[in-house]
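**Student:** So the sequence shown is numbered by UniProt numbering: it starts at 1 and just counts up by one.
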Amino acid sequence: MADHIEDVSQERDALRPDFRKRRRSHSTFSRKSIPFLFPGESIDDNIVQSGLERHLSLLDLVAIGIGGTIGSGLFVLAGLVAHEYAGPSAVWSWAVAGVAALISGCCYAELSARIPLSGSAYAYTFVAMGEWPAFLAAICLSLEYIAAGAAVSRSWGDKLAWWLLEAFPERWELSLKTLFNIGGNLSPLAFCISTASVALVLRGVKESKRATNVITSIKVSLVMVMIVVGSFHVRPSNWRPMFPFGASGMLRGATSTFFGYLGYDQVCGLAGEAMRPQRDMPLAILITLVFVTFIYMIATLVLTGMQDWREISSVSGFPTAFYANHADWAGELTALGEILTLPLVILVQVLVQPRLQHAMAEDGLLPHIFGELNENGNIWKGTVISGSITILIATGVQFSHLNDIISCAVLIALSLTDSSLILLWHEAPDPESNFARCLVLAFNVVAFLMSSVLVSYMETTWGRALSTALLCILGGLVYAITNHCPRTAVFGGSRHRYHEEQLLREQNFFRTPGVPFLPCLGIFINWYLVAQIDAESIGLLLLILGLSSFYYFRCKGRRSSRDSEASPGDGPVQEIEAPYHSTSGNASSLIL
1 MADHIEDVSQ ERDALRPDFR KRRRSHSTFS RKSIPFLFPG ESIDDNIVQS
51 GLERHLSLLD LVAIGIGGTI GSGLFVLAGL VAHEYAGPSA VWSWAVAGVA
101 ALISGCCYAE LSARIPLSGS AYAYTFVAMG EWPAFLAAIC LSLEYIAAGA
151 AVSRSWGDKL AWWLLEAFPE RWELSLKTLF NIGGNLSPLA FCISTASVAL
201 VLRGVKESKR ATNVITSIKV SLVMVMIVVG SFHVRPSNWR PMFPFGASGM
251 LRGATSTFFG YLGYDQVCGL AGEAMRPQRD MPLAILITLV FVTFIYMIAT
301 LVLTGMQDWR EISSVSGFPT AFYANHADWA GELTALGEIL TLPLVILVQV
351 LVQPRLQHAM AEDGLLPHIF GELNENGNIW KGTVISGSIT ILIATGVQFS
401 HLNDIISCAV LIALSLTDSS LILLWHEAPD PESNFARCLV LAFNVVAFLM
451 SSVLVSYMET TWGRALSTAL LCILGGLVYA ITNHCPRTAV FGGSRHRYHE
501 EQLLREQNFF RTPGVPFLPC LGIFINWYLV AQIDAESIGL LLLILGLSSF
551 YYFRCKGRRS SRDSEASPGD GPVQEIEAPY HSTSGNASSL IL
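1. Indicate the three-state DSSP secondary structure (helix, strand or coil) for residue 54 in the structure shown.
2. Does the stretch 330 to 338 come close enough to the stretch 154 to 163 to have 3 or more Cβ pairs within less than 8 angstroms?
3. What is the rounded straight-line gap between the Cα of residue 379 and the Cα of residue 98?
4. Can you grab the Cα-Cα spacing for the pair residue 521 / residue 232, in whole Å?
5. Are the CB atoms of residue 302 and residue 288 nearer to each other than 9 angstroms?
6. Comparing C-alpha positions only, which one of 372, 386, 463 and 415 sits nearest to residue 519?
7. Below 9 angstroms between beta carbons: does that hold for residue 211 and residue 347?
8. List the DSSP bridge partners of residue 206.
9. So what does DSSP say about residue 86, is it helix, strand or coil?
10. Kindly identify the DSSP beta-bridge partner or partners of residue 274.
11. So the alpha helix (DSSP H) residue 383 belongs to, where does it begin and stop?
12. If we require 4 or more residues per run, which alpha helix (DSSP H) segments fall completely within the stretch 211 to 287?
13. Who are the near neighbours of residue 478 in its chain, counting only those whose CB is closer than 6 angstroms to its CB and skipping five residues on each side?
14. Suppose the cutoff is 8 angstroms on Cβ atoms and the five residues either side in sequence are ignored; what does the same chain contact list for residue 448 look like?
15. Helix, strand or coil: how does DSSP classify residue 47 here?
16. Which residue's Cα is closest to the Cα of residue 412: 235, 133 and 96?
17. Pull up the CB-CB distance for residue 417 and residue 145, whole angstroms please, since I reckon it's below 8 angstroms.
18. Relative to the ligand ATP, is the shortest distance from any of its heavy atoms to the C-beta of residue 77 smaller than 8 angstroms?
19. Name the two residues that bound the continuous alpha helix (DSSP H) containing residue 418.
20. Less than 9 angstroms between the C-beta atoms of residue 114 and residue 278, yes or no?
21. Given residue 510, which residues of its chain have a CB within under 6 angstroms of its CB, disregarding the five upstream and five downstream residues?
22. Among the candidates 53, 120, 195 and 286, whose CA atom is the shortest distance from the CA of residue 614?
23. Would residue 534 be called buried (16 or more neighbouring beta carbons within 10 Å of its own) or exposed?
24. Measuring alpha carbon to alpha carbon, tell me which of 68, 94 and 64 ends up nearest residue 78.
25. Would you report the Cα separation of residue 32 and residue 359, rounded to the nearest angstrom?
26. Residues in the same chain with beta-carbon distance under 7 angstroms from residue 204, minus the five sequence neighbours each way, listed in chain order, please.
27. Where residue 161 and residue 316 are concerned, what is the direct C-alpha to C-alpha distance, given to the nearest angstrom?
28. Going by alpha carbons, who is nearest to residue 89 out of 333, 296, 468 and 372?
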């Protein structure tokens, strides 16, 4: 067995392109080949793909998804959304966000099974759209992982400081406020927890995995206790009126609650380390989404029933509500439980970001230092770099400044994933043309324009007329995608090379229903939620994407110059192959 593993590893290393070869693939829209494993084939967990060991089971993936999701949504956002945006209708905010996440989650489920690589939306966009769109997707994902980890670190620091102020005598209040800089821009507690999370990840994924499984079990048990105990203190009068801010407030709350659905995207970011990605990735994604949506809705219903929405704390919703109902022991338990389990969310964010950087480094889009592994197979240097950025942001930036931009980045990444699935199932009659990609791009642009009109100008006559016209255009684009870019017989399109067995087993993959209609609906919902975000946050994200694009094209130009000097006789490489080894030897690669 050891000899077999060694032989396979040598074959894998021989197949894998080195960083220099990938850097020569500098076409802006060059697309990556798809690595395939056939359903039913197992991956020996001792075989390493891209240097990362496949050791995550379905239970591990679900624990990462649920553990990384419930904390940020329930402990951080439930009170904030109810108090600031939606009131009791926050329960419907979670429902709307959950439906939108589930639609895109179906697309993630299929893509993660068919493209079992680390990188999540980055990997899928690279395959379907090309290098530059994939780079932008990676920037959105980095904002998710780094900024979200920093935001939750900051929230954890605020919660711990609040708990200590309540627990210690009043004579300690001034000293504690000075020590923890409560109310200031710098947060020593956020620095401590983010640093501890980075240190744990540096020890390796296996150690992080054990901690994740244990803390997730504790967290789910705590949430169940909160719901059961809180249900005895519910007063239906607190639910009236259900929509104090109207439907617009409920939808604005839905945009913010998207921050609570980052968990399943983090699962996709670990696809390169899943033992059975074809089976486990779709299951982990769908189980995570359905479970956390149900928990969010029930818990928020209980929270808004326990206390009037005007009095709900936007920092520590459940403990404050328990104290208000004289259930002090439940308040203490909840506050302590939040403090003990919320760091898991930070840990998951810190864990996933280096995997994205590793994938980008292998594709030549980041310096090779981000793809280097130490002797234990850990992405040590990449973790130090991304972890340091997380620590700096957590220490110096308040949570309220990060929430909207994170939600906006998440929604854009979801739209890119939905678009990728459409492009991999529908192609123009001429496979070499960009007709299908142009149609999908146009759909995204028109969907955002229509969403902006619906949100801001629907009360005017011209706004209603314009939205009707844009709706007709959207319908025409869907018709064009369906009829002028017909569905292909196999995933990826007729241009690509397939092993004959792939055609026979195609139906064994998880398949998203209603393509392209369901992904198009997901795209529209995502952009509608983006339109709910204030213009300042959207503008800041566009600025970040613009600066990132400037970096990309500048580095691309430098790579082109170096390639021309190094190999003056070679033309540019337009296709990027990423061979993937299957233990049965039947894997095949698509060339786009």
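Backbone N, C-alpha and C define an ideal beta-carbon position, used for all residues, glycine too.
**Tutor:** Let's see:
1. Locating residue 54 in the sequence shown gives position 54, where the first residue counts as 1. Of the three classes helix, strand and coil, the one that applies to residue 54 here is coil, per DSSP.
2. yes
3. Your numbering for residue 379 matches position 379 in the sequence shown. Your numbering for residue 98 matches position 98 in the sequence shown. Roughly 33 angstroms between the two C-alpha positions.
4. On the sequence shown, residue 521 is found 521 positions in, with the first residue counted as 1. On the sequence shown, residue 232 is found 232 positions in, with the first residue counted as 1. When rounded, the distance between both Cα atoms is 39 angstroms.
5. Translated into positions along the sequence shown, residue 302 becomes position 302. Translated into positions along the sequence shown, residue 288 becomes position 288. Going by C-beta atoms, residue 302 is not nearer than 9 angstroms to residue 288.
6. The residue labelled residue 519 in the question sits at position 519 within the sequence shown. It is 415 whose Cα lies nearest to the Cα of residue 519.
7. In the sequence shown, residue 211 corresponds to position 211, counting from 1. In the sequence shown, residue 347 corresponds to position 347, counting from 1. The beta carbons of residue 211 and residue 347 sit closer together than 9 angstroms.
8. Reading the sequence shown from its first residue, position 206 is the one you call residue 206. According to DSSP, residue 206 bridges with nothing at all.
9. As a first step, residue 86 is located in the sequence shown; it is residue number 86 there, counting from the start. Correct three-state label for residue 86: helix.
10. Looking up residue 274 in the sequence shown gives position 274. Looking at the DSSP assignment, residue 274 forms a beta bridge with 56.
11. Counting from 1 along the sequence shown, the entry for residue 383 is found at position 383. That run of the alpha helix (DSSP H) goes 380 to 396.
12. 246 to 257 and 263 to 269
13. The count along the sequence shown starts at 1 and reaches residue 478 at position 478. The answer, listed in chain order, is 520.
14. Stepping through the sequence shown from its first residue, residue 448 is reached at position 448. Contacts found: 527, 530 and 531.
15. Taking the first residue of the sequence shown as position 1, residue 47 is located at position 47. Model confidence at residue 47 stands at a pLDDT of 38, short of 50, so the residue's coordinates are unreliable and nothing is read from them.
16. Translated into positions along the sequence shown, residue 412 becomes position 412. Scanning 235, 133 and 96 for the CA closest to the CA of residue 412 turns up 133.
17. Mapped onto the sequence shown, residue 417 falls at position 417. Mapped onto the sequence shown, residue 145 falls at position 145. No, residue 417 and residue 145 are not in contact; Cβ-Cβ is about 16 angstroms, not under 8 angstroms.
18. Questions concerning the ligand ATP fall outside what the structure shown contains, since it holds no ligand whatsoever.
19. Here residue 418 is taken as the residue at index 418 of the sequence shown, counted from 1. Taken as a continuous stretch (DSSP letters only), the alpha helix (DSSP H) holding residue 418 covers 403 to 425.
20. On the sequence shown, position 114 is the one that residue 114 refers to. On the sequence shown, position 278 is the one that residue 278 refers to. Yes, they are a contact pair.
21. Numbered from 1 along the sequence shown, position 510 holds the residue referred to as residue 510. For residue 510, where only same-chain residues beyond five positions count, the Cβ hits under 6 angstroms are 109, 110, 113 and 282.
22. The chain is shown only over 1 to 592; residue 614 falls outside these bounds and no answer can be derived.
23. Position 534 of the sequence shown, counted from the first residue, corresponds to residue 534. With fewer than 16 Cβ atoms within 10 Å of its Cβ, residue 534 is classed as exposed.
24. Here residue 78 refers to the residue found at position 78 when the sequence shown is read from its first residue. For residue 78, the nearest C-alpha among the options comes from 94.
25. Locating residue 32 in the sequence shown gives position 32, where the first residue counts as 1. Locating residue 359 in the sequence shown gives position 359, where the first residue counts as 1. About 12 angstroms.
26. In the sequence shown, residue 204 corresponds to position 204, counting from 1. These residues qualify, in order along the chain: 376 and 378.
27. Locating residue 161 in the sequence shown gives position 161, counting from the first residue. Locating residue 316 in the sequence shown gives position 316, counting from the first residue. Using only the alpha carbons, I get a separation of about 11 angstroms.
28. The residue given as residue 89 occupies position 89 in the sequence shown. Answer by Cα proximity: 296.
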